[in-house]
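Trainee: Chains as they are written, first to last, in the working numbering: chain A, 650 to 760; chain B, 66 to 181.
By construction, the Cβ of each residue, glycine as well, lies at the ideal position given by its N, Cα and C atoms.
Quantities reported herein were computed from a predicted structural model and do not represent experimental measurements.
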């Protein structure tokens, strides 16, 4: 059974803070993804990674960076959080072209 | 530029009746389509998928129909049950032979409410 875990379910940060969102998967998946979900906009891809130390920009990478130092872990970094980054952040992983499995999400509020 | 569109933000259906959720896409390169279901405070879970070489795929109460000429797919749930109340997202990806085919483009979601 695939398990994708995210470090926090809820997070409150202040404008300008550096924010780290962590995601860990336990199924040796090579692909990992970060999305944000906003009302009326659905899920939008921020960044994804096909392998350790590899990253690709998604549809909305501005204001974000990522790190993948180990296969099981994919971190999303907000260098200087802004209020428009208040959102639900979802991490997913997949094996090859198979189904993506999602974590429970982190609801981030930036004040 | 929304390449995958779900034009109905919400839908209410009586328990036991059929629920039909619709999805339209604009990118003719998409050839694999999926439906995900999301409960509040949980991540989306995979429901059913269809390849562009098919026009129908069935799994229990769930059937997905694909009309390539209309660039339209739909999810049918029969019979609808209260546990089906959730937000449903359709998603699409581009050709299995292309690098980056793992990337999914999601629609905006439809909130389905099943009325007991």
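With burial defined as no fewer than 16 other Cβ atoms inside 10 Å of the residue's Cβ, what is the status of residue 96/B: buried or exposed?
Mentor: Residue numbering aside, residue 96/B sits at position 31 when the second chain is read from its first letter. Buried: at least 16 other Cβ atoms inside 10 Å.
Trainee: Under the DSSP definition of a beta bridge, which residues are partnered with residue 671/A?
Mentor: Your numbering for residue 671/A matches position 22 in the first chain. Residue pairing for residue 671/A: DSSP places it in a beta bridge opposite 724/A.
Trainee: Helix, strand or coil for residue 732/A? Go by DSSP, reduced to three states.
Mentor: To locate residue 732/A, count along the first chain from 1; it is residue 83. It is helical.
Trainee: Relative to the alpha-carbon of residue 155/B, which residue among 77/B, 76/B, 87/B has its alpha-carbon at the smallest distance?
Mentor: Your numbering for residue 155/B matches position 90 in the second chain. The shortest Cα separation from residue 155/B among 77/B, 76/B, 87/B belongs to 87/B.
Trainee: Chain D partners of residue 751/A, CB-CB under 9 Å?
Mentor: No chain D is part of this structure, whose protein chains are labelled A and B.
Trainee: In terms of residue numbering, what span does the beta strand (DSSP E) encompassing residue 141/B cover?
Mentor: Translated into positions along the second chain, residue 141/B becomes position 76. 137–142 is the span of the beta strand (DSSP E), which, as asked, contains residue 141/B.
Trainee: Any beta carbon from chain B within less than 8 Å of residue 672/A's own beta carbon?
Mentor: Residue 672/A sits at position 23 when you count from the first residue of the first chain. Chain B contact via Cβ: absent.
Trainee: Taking contact to mean at least 3 C-beta pairs separated by less than 8 Å, is the segment 127–143 of chain B in contact with the segment 746–758 of chain A?
Mentor: By the Cβ rule, the segment 127–143 of chain B does not count as touching the segment 746–758 of chain A, because fewer than three pairs are nearer than 8 Å.
Trainee: If you measure from the beta carbon of residue 162/B to each beta carbon in chain A, is any gap under 8 Å?
Mentor: In the second chain, the residue the question calls residue 162/B occupies position 97. Note on residue 162/B: pLDDT 46, under 50, position unreliable in the model; the coordinate value appears next. For residue 162/B, no Cβ of chain A is located within less than 8 Å of the residue's own Cβ.
Trainee: Can you check which of these residues, 113/B, 136/B, 176/B, is closest to residue 147/B by C-alpha distance?
Mentor: Mapped onto the second chain, residue 147/B falls at position 82. Of the candidates 113/B, 136/B, 176/B, the one whose C-alpha sits nearest the C-alpha of residue 147/B is 176/B.
Trainee: In chain B, which residues lie less than 7 Å from residue 690/A when you measure between Cβ atoms?
Mentor: Counting from 1 along the first chain, the entry for residue 690/A is found at position 41. Within 7 Å Cβ-Cβ: 173.
Trainee: Excluding the 5 residues flanking residue 704/A on each side, which residues of the same chain have their C-beta closer than 7 Å to its C-beta?
Mentor: If you number the first chain from 1, residue 704/A lands on position 55. Taken in chain order, the residues that qualify are 696, 698, 715, 717.
Trainee: Tell me, to the nearest whole angstrom, how far the beta carbon of residue 724/A is from that of residue 671/A; I am working on the premise that it is less than 8 Å.
Mentor: By 1-based counting over the first chain, the position of residue 724/A is 75. By 1-based counting over the first chain, the position of residue 671/A is 22. Rounded, the Cβ-Cβ distance is 5 Å, consistent with contact.
Trainee: With distance defined between alpha-carbon atoms, name the residue in 123/B, 149/B, 167/B nearest to residue 181/B.
Mentor: By 1-based counting over the second chain, the position of residue 181/B is 116. It is 149/B whose Cα lies nearest to the Cα of residue 181/B.
Trainee: Measuring only between beta-carbons, confirm whether residue 76/B sits less than 8 Å from chain A.
Mentor: The sequence position of residue 76/B within the second chain is 11, counting from 1. Closer than 8 Å: no.
Trainee: Give me, in chain order, the residues of the same chain whose beta-carbon lies closer than 8 Å to that of residue 702/A; leave out the 5 immediate sequence neighbours on both sides.
Mentor: If you number the first chain from 1, residue 702/A lands on position 53. Contacts found: 717, 718.
Trainee: Can you list, in chain order, the residues of the segment 694–722 of chain A whose Cβ is nearer than 9 Å to any Cβ on chain B?
Mentor: 694, 697, 699, 705, 707, 708
Trainee: CA-CA distance, residue 74/B and residue 102/B?
Mentor: Here the question's residue 74/B lines up with position 9 in the second chain. Here the question's residue 102/B lines up with position 37 in the second chain. Approximately 14 Å, taken between the alpha carbons.
Trainee: Is residue 149/B helix, strand or coil by DSSP?
Mentor: Walking along the second chain from the start, residue 149/B turns up at place 84. Look at residue 149/B here: in three-state DSSP terms it is helix.
Trainee: Drop a sphere of 10 angstroms on the beta-carbon of residue 681/A, count the other beta-carbons inside from all chains shown, and report buried for 16 or more, exposed for fewer.
Mentor: Within the first chain, the letter at position 32 stands for residue 681/A. Label assigned to residue 681/A: buried.
Trainee: Using DSSP with H/G/I as helix, E/B as strand and the rest coil, what is residue 164/B?
Mentor: Locating residue 164/B in the second chain gives position 99, where the first residue counts as 1. Low per-residue confidence applies at residue 164/B: pLDDT is 48, beneath 50, and the placement is therefore not dependable, though the value from the model is reported in the following sentence. Of the three classes helix, strand and coil, the one that applies to residue 164/B here is coil, per DSSP.
Trainee: So, is the C-beta of residue 177/B closer than 8 Å to a C-beta in chain A?
Mentor: Within the second chain, numbered from 1, the residue matching residue 177/B stands at position 112. Closer than 8 Å: no.
Trainee: When you compare the CB positions of residue 668/A and residue 757/A, do they come within less than 8 Å of one another, or not?
Mentor: Residue 668/A sits at position 19 when you count from the first residue of the first chain. Residue 757/A sits at position 108 when you count from the first residue of the first chain. Closer than 8 Å, so yes.
Trainee: Considering only their Cβ atoms, is the gap separating residue 69/B from residue 174/B smaller than 8 Å?
Mentor: Here the question's residue 174/B lines up with position 109 in the second chain. Here the question's residue 69/B lines up with position 4 in the second chain. Not a contact, by the Cβ cut-off of 8 Å.
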